[in-house]
Amino acid sequence: MEKSSDNVTKHPLLGRGLERLCLGGLLLASVAAGVYVSRGDSERISELESELNMMREKEKRSEVDRRVSKQMEEIAYGQEALSEERSQEAIRQSEIAQEMTLRSETERQKALEAQSIAEESAQEAMDAYQMAERQRMEADNQRKQAEHAKLVTDTLNYISLGRTLGSQSYSIYQSGDKELGNMLAYASYLYTSDWGGDLYVPAVFQALTQSASGRRTYGVHNGSVSYIDFSPKDGNLMTISTYGEIFRHTIVGSQLQTNKLMSDKSYCFRSGYVAKNGKGYAVSHTGQLVIVGEKAIERILPLENVDRPFSLQHFNDSRQLLIIGENSIALFDIATERIIGSRRLSFRVVSTGRRDHKPLLFDNRGSMHLFNGLDDITNEKVPFSGQVTAYASSKHEHITAYGMSDGTIWLIDGNGKSFKLVGHLSQVTKMKCDGRRLYSTSYDGKMLFWMIDDTQIKPITLFQSNSWLTDFAFNNNKDYIWTGEHNGSITQYLISMPKIAERLRQNVKRDFTKDEWNYYVGKGIPFRKLK
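To convert, note that position 273 of the sequence shown is 270 in the numbering used here; the numbers rise steadily by one, no gaps.
Encoded structure:
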């Protein structure tokens, strides 16, 4: 019973149900007792029944509410348990997340450590690679230096061999053994050219030109040749002499066909000019200008206002000729063939040249005068003492050369540096610049040329004549130089290295024998065929 009471106490809803049940029982008892009441009380009974029904309805609703409440309580308990489970799950997830975070941080630290190790390894590998690359490059440089040193040694040896063979060729050719001389000359050419040597050093060049038979001399004039040049129009050669001779020459192979246009000893021709149209002009020291056609003399023009004319210089884009006498000048118009002006000079002209495409006059007092027009002649001092007898300049190469009466040549380069060139023994008669080469002739009979690129500018003798060399000219393609000589001869001289090499090759008829090779070339040099 105590337990039952405790249960009722513990469940309030159950207690209230029991109270209502007891109340219902009392009402039923009242109704049963009132069976015998009067009908007046029937209404009261109906009310009680109505109330009872209402109570029953309320009881039912209370029971429903109780059940709903119980269900809600159970739901609440369930939600609380679920919430607790979720809370526990959240705690577990948080712990898992913290654990994952810790693990992730650990892994990140490990990754950073691995990355650092990898970077250190990569740097070590890069350092090792760079060191290996430096060692490789150093080894490669050492190899290249060794190869270069060997190449330089071989080059010097073979260039020296080329010069030695040239010297041997020249001597043996002069002794009469032309076959062996030609073979040695061609071998000299091959070793010198193949190894980048200078083909114009005397030992090589003289042997080559000798064996190539590049020199031909023709005795054509009776007087001293004072002018020689080629026609730009047809390539024919015009020469004049101090004996009043004017010749035109046609070159056919090795033959020279000469057309004598004038030969009159009363004239003394000192200078000439061949115009672009093919006409020629010759000025006589006796005071005449002769106009020369392609096949005949066209006109002889007296020069009344020019004393002892001795030089012709073209002017104004070759439309005019400046006729230069010792103390006077005159300007001749090529188109109209007449003198268009003259002028007396306050100085005596002894030689002429050209600078900046204009006539340059040298006097006997150490001054030079640039002709810009009859009313515009400059005056300046020659930068060297002595008498200038020849002049040459190259505006493109910035070279200026003064040939002197004592055979000296003074050269000024583009930096203003002066060089004294010694090679001629007497008066320099003419000079010409061809690129970085300077050609010169002299009364000593030598034709020299000078390589301006050399640190020490030394002369190379093209040839030595037995007569004074008075003038020279290149043919139109510059394969040959032609010289005029005091004895009346003109000489053709081959200077084209490709043509010289071709002639050398044609002159070689056989290869060296083993004994010849060992004796002249050397046992340690690999045998080389010439044919």
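All C-beta atoms, glycine included, are put in the ideal place defined by N, C-alpha and C.
- Exclusion of the five residues before and after I294 leaves I243, L258, M259, V287, I288 as the residues of its chain whose Cβ lies within less than 8 Å of its Cβ.
- Only residues of its own chain outside the window of five on either side were considered, and among them I237, S268, G269, D468 have a CB closer than 6 Å to the CB of Y224, listed in chain order.
- Listed in chain order, the beta strand (DSSP E) runs fully inside the region 159 to 235 are 212 to 216, 222 to 227, counting runs of at least 3 residues.
- Taking 8 Å as the cut-off, the Cβ atoms of I492 and V222 do not count as close.
- Taking C-beta atoms as the reference points, L309 and G284 fail to come closer than 8 Å.
- For the pair A389 and G350, the CB atoms are nearer than the 8 Å cut-off.
- Taking the Cα positions, E40 is about 18 Å away from M52.
- Secondary structure at Y436: strand, using DSSP grouped into helix, strand and coil.
- Taking M180 as the centre and dropping the five residues before and after it, the same chain places the C-beta of V505, F509, L527 closer than 7 Å to its C-beta, in chain order.
- For L328, there is no enclosing alpha helix (DSSP H); the enclosing beta strand (DSSP E) covers residues 325 to 330.
- For W447, the beta-bridge partners assigned by DSSP are L435, P456.
- DSSP places L501 inside the alpha helix (DSSP H), whose first and last residues are 494 to 504.
- The alpha-carbon separation between N324 and T426 amounts to approximately 21 Å.
- Per DSSP, K528 lies in no beta strand (DSSP E) segment and is marked neither H nor E.
- From the listed residues D360, E96, E377, the smallest Cα separation to Q384 is found for D360.
- Between the C-alpha atoms of S166 and A204 there is a straight-line separation of about 6 Å.
- Annotated three-state conformation of K107 is helix, per DSSP.
- By a beta-carbon distance limit of 8 Å, F368 contacts L319. Their separation comes to about 6 Å.
- Closest option to V379, judged by alpha-carbon separation, among L408, E394, D373: L408.
- Following the DSSP letters along the chain, one finds D38 in no beta strand (DSSP E), marked with neither H nor E.
- In terms of Cβ geometry, P229 and V271 form a close pair [threshold 8 Å].
- Spanning the alpha carbons of A398 and P523 requires a straight line of approximately 45 Å.
- In the structure shown, the three-state DSSP call for A272 is coil.
- Residue state for N515 is assigned as helix, using DSSP reduced to three classes.
- Secondary structure of D373 (DSSP, three-state): strand.
- Straight-line measurement puts the Cα of L253 at about 14 Å from the Cα of Y490.
- By the neighbour-count criterion, in which a residue is buried when 16 or more other Cβ atoms sit within 10 angstroms of its Cβ, V518 is buried.
- For Q384, no beta strand (DSSP E) run applies, since DSSP gives it neither H nor E.
- Taken through DSSP and simplified to helix, strand or coil, Q424 comes out as coil.
- Contact between the region 179 to 196 and the region 461 to 476 is absent: fewer than three C-beta pairs spanning the two stretches fall below 8 Å.
- Counting only unbroken stretches of 3 or more residues, the beta strand (DSSP E) elements lying wholly within the region 331 to 371 are 335 to 341, 346 to 352, 355 to 360, 364 to 370, in sequence order.
- No Cβ-Cβ contact shorter than 8 Å links W465 with L418.
- Under the DSSP definition of a beta bridge, R245 partners with M235, N256.
- Going by C-alpha positions, S66 is about 31 Å away from I88.
- Taking a 10 Å sphere around the C-beta of L99, we find fewer than 16 other C-beta atoms and assign the residue as exposed.
- Separation of the CB atoms of H246 and T255 is rounded to 5 Å, and the pair is thereby assigned contact status at 8 Å.
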